[in-house]
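Notes follow once the structure below has been shown.
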Ligand code: GCU
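Numbering (the UniProt record's numbering), first residue to last: 3 to 677.
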């Protein structure tokens, strides 16, 4: 039973008859001149959207002196009398304004893409059944680059993808344009996503060969009118692999020329090509360090070749080395922070939200706020590599919000990660947020139907990193399922507890990296035989007969020293360290007293139990809203939730039974005993 292809753009007819009448009275006709591809798309969206929402196809008129209409145009194309009412300078690039003027609603912007965003916003307003009185609306993106990262391979497998094959049908490109490409672009534009990296960070160099560039150009042509630019991953050793050179040394003139020629060629085919995402000297990928050069040397070489075309480099900071066994959490900071100020202007460092790897919960990455001269992009993972694949229902905007709202204290209180990312903390010229996509060829795109909320939510936060997870949940639920409060209220509750649930039943109290090897699904805290020490879960939990946890304070790895002093002090001190990060930063005895009076062993068990209980609560909330769903919609998630419950217990039982071999303590009252 798979539905959900239309995502949040279903445009169901408004049910409330009074509201429907209000909408119909106001929207008797629409003015829009489809004289560019983007405005043509806007017109089509209005046509489809209004037909769905209001029940009738809208009437499009060719003049602006009308009444009870929607008028959609760039400011410069509005009638003089309307024009006088808008101030161009007040609307930022790609921003829009929606206002009542006379008896009309005007959707306007300085540019086409802003108009398109405005149209999507107005349609959302109607989808959410909000009164038209609530206008005017001003909005504009707060982050420049709002980018999906596809970890898609050319054979259509997707690294860490759980929603079917890659949607890119390379073998049929460039000749065949799949309808999905268009629907993908629409969905992204509707939330303001304006870039896509088509290929896996671990991809080989094949994508940079002429045959593939032609295919990429075909996709770029589809996406362009939706305001979406295409980017590619650049394998650092490409000059050797596809260029027949002996080296990929970034300071070698032949290598530099090779990249320059390659990039010039790409821009011939794709004039608005965005640039490169690079994973270098990370998990075995080649990079500048193979030649004794720094990350800055490598990034700047590509940046120089891209600069004349206004392209950018997104250089990933996800590096860790097997040669330093003390604490993987410290390595990216140690490698990159000394390079602050050494990168070219068109280089951004792309930093994962935490210092390990997309765990259910990590404290914010210490690099945020620590490189005042370098733009840092956020890298979130939307695909649920460590969070139950597309089987578990986990609403990720809650995780994103927690990270964005964290305070780095780098310029005193209020130095939020969100301000690092939108560039306001250190007045950056360019800003960005990337999300590792959870999209595939499944009918519903994301495997789990609620995975769509994570794609949607990533887009919304990349537009405005200050939005709350609750606001986003409310929007998505109303647009996707139902505007009935009796549906929406319990569902918001379900979404908001789902993140806490997964943390509790997988890795409570700051535990991390307990998953089984390779596939990363299910528990494996006992794994200790992998070739690299920092791949083994035992490296992270350090459980022994005395206690559990990773001491990252000055008595241990001293990773806390990478944070601003007030943050480091808070984490170091057991009195102030937030309980959710306790075992991330401290190794504590099994009978350590928690704030609630429980000893650590019992508290840990009860947290695991709480996670299981939260999944049960999610199930009962799902029961409650059954009347608002089709049988298929209900059944699909009901089945997934029962797997989730079973696996929550699996996590609890496996982890607690294993830890019990060290603590030698009985399970506390209140924890269901493993069977
Ligand atoms: C994780 C993931 C890899 C991925 C890597 C990365 O380690 O398991 O599949 O390549 O992150 O972000 O580069």
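Glycine included, C-beta positions come from ideal geometry on N, C-alpha and C.
- With contacts defined as CB atoms closer than 8 Å, residue 316 and residue 279 qualify as a contacting pair.
- The stretch 411-472 is shown to contain whole beta strand (DSSP E) runs of 3 or more residues at 434-438, in chain order.
- Where residue 317 is concerned, there is no enclosing alpha helix (DSSP H), although the beta strand (DSSP E) around it starts and stops at 314-318.
- Counting other Cβ atoms within 10 Å of its Cβ, residue 548 stays below 16 and is therefore classed as exposed.
- Boundaries of the beta strand (DSSP E) around residue 102: 98-103.
- Comparing alpha-carbon positions, the option among 397, 373, 394 and 468 lying closest to residue 418 turns out to be 468.
- Distances from the CB of residue 284 to the heavy atoms of ligand 1 include at least one below 7 Å.
- The residue from 218, 182, 150 and 245 with its alpha-carbon nearest to that of residue 203 is 150.
- Secondary structure note for residue 397: it is in no beta strand (DSSP E), with a DSSP letter that is neither H nor E.
- Of the residues 584, 588 and 622, the one whose Cα lies closest to the Cα of residue 499 is 622.
- Note that the C-beta distance between residue 301 and residue 319 is not below 8 Å.
- For the UniProt domain "Alpha glucuronidase N-terminal" (9-124), the full-length beta strand (DSSP E) segments reaching 3 residues or more read 31-34, 71-76, 98-103 and 106-111 along the chain.
- No Cβ-Cβ contact shorter than 8 Å links residue 541 with residue 392.
- Distances from the CB of residue 258 to the heavy atoms of ligand 1 are all 7 Å or more.
- Within the stretch 223-270, the complete alpha helix (DSSP H) runs of at least 4 residues fall at 240-243.
- In terms of side-chain proximity, the C-beta atom of residue 203 is found nearer than 7 Å to a non-hydrogen atom of ligand 1.
- Note on residue 347: under 16 other CB atoms within 10 angstroms of its CB, so exposed under the neighbour-count rule.
- At least one heavy atom of ligand 1 is found less than 7 Å from the C-beta of residue 281.
- Taking 7 Å as the cut-off, the C-beta of residue 162 counts as close to a heavy atom of ligand 1.
- The shortest CA-to-CA distance from residue 210 to any of 306, 244, 349 and 251 is the one to 244.
- Under the three-state reduction of DSSP, residue 627 is assigned to coil, being neither helix nor strand.
- A direct Cα-to-Cα measurement between residue 13 and residue 88 gives close to 30 Å.
- The beta-bridge partner set that DSSP reports for residue 148 consists of 435.
- Within the chosen limit of 7 Å, ligand 1 reaches the beta carbon of residue 359 through at least one heavy atom.
- Here residue 74 really is in contact with residue 117; their C-beta atoms are around 6 Å apart, less than 8 Å.
- Annotation: residue 338 is outside any beta strand (DSSP E); the continuous alpha helix (DSSP H) that includes it extends over 333-338.
- Counting other Cβ atoms within 10 Å of its Cβ, residue 445 stays below 16 and is therefore classed as exposed.
- In this structure residue 640 touches residue 624 by the C-beta definition: roughly 6 Å separates them, less than 8 Å.
- In this structure, residue 77 places its C-beta atom within 8 Å of the C-beta atom of residue 85.
- Setting aside the 5 residues that flank it on each side, residue 115 is surrounded in the same chain by 40, 96 and 229, each with a C-beta closer than 7 Å to its C-beta; the list follows chain order.
- For residue 303, the enclosing alpha helix (DSSP H) covers residues 297-308.
- Taking the Cβ of residue 387 as the reference point, at least one heavy atom of ligand 1 falls within a distance shorter than 7 Å.
- Beta-bridge analysis with DSSP links residue 616 to no other residue.
- Under DSSP, residue 517 takes part in a beta bridge, and its partners are 525.
- Cβ neighbours of residue 522 within its own chain (closer than 6 Å, five residues either side excluded): 387 and 388.
- In the DSSP assignment, residue 639 falls outside any beta strand (DSSP E) and within the unbroken alpha helix (DSSP H) covering 633-665.
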